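What follows is a set of notes on a single structure, which appears directly below.
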Amino acid sequence: MSNMSSKVAIVTGASSVQGIGAAIARRFASDGASLALVADAPEAGLKAVAQECRALAGEGATVRSEICDLARAGEAERMIERAVALFGRVDVLVNNAGVRARVKFGV
9 MSNMSSKVAI VTGASSVQGI GAAIARRFAS DGASLALVAD APEAGLKAVA QECRALAGEG
69 ATVRSEICDL ARAGEAERMI ERAVALFGRV DVLVNNAGVR ARVKFGV
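Residue numbers (the numbering used here): 9 to 115.
Here it is, written out as structure tokens:
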């Protein structure tokens, strides 16, 4: 287990409770990192993951969650700016956000 107690991490795509982003966020939280959790939806899932991370995080760690559509122009930059304003810096960025597209497959 690594010590991330002095690190700040942004994890995108963190709203699926059973997903990769949530698992990464939980691990970082249990290692003491402060977290900015980001997803475009669902908000309930993002809040649940944030609550779990708060329970796992050590004293002094901060966990914030925010709905943000990273597919929209400028949103990624604004998300980074908000994290830097809140935490003073960003040490780790996990770019786990996915794009869902429904397409018909044909032969």
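Note that beta-carbon positions come from the ideal geometry of N, C-alpha and C, so glycine has one too. Just so you know, these numbers come straight off a predicted model, no measurement behind them.
Look at the alpha carbon of residue i and the alpha carbon of residue j, and state the distance between them as a whole number of angstroms.
i    : j    : result
V102 : A52  : 21 Å
S38  : E67  : 11 Å
R72  : V111 : 34 Å
L78  : G114 : 30 Å
E85  : S24  : 23 Å
K55  : V19  : 13 Å
L45  : A69  : 13 Å
S14  : R35  : 15 Å
V92  : E83  : 14 Å
G96  : A49  : 26 Å
A31  : L94  : 23 Å
DSSP has residue i in a bridge; who is on the other side?
i    : result
R72  : A44
L101 : I18
How about residue i and residue j: are their beta carbons less than 8 Å apart?
i    : j   : result
A58  : I75 : no
G29  : G40 : no
V100 : I88 : no
A105 : C61 : no
Could you give the residue range of the alpha helix (DSSP H) that holds residue i?
i   : result
Q59 : E51 to L64
R86 : E83 to F95
S34 : For the sequence presented, residue 34 should be read as Arg rather than Ser. R34 -> alpha helix (DSSP H) spans I28 to S38.
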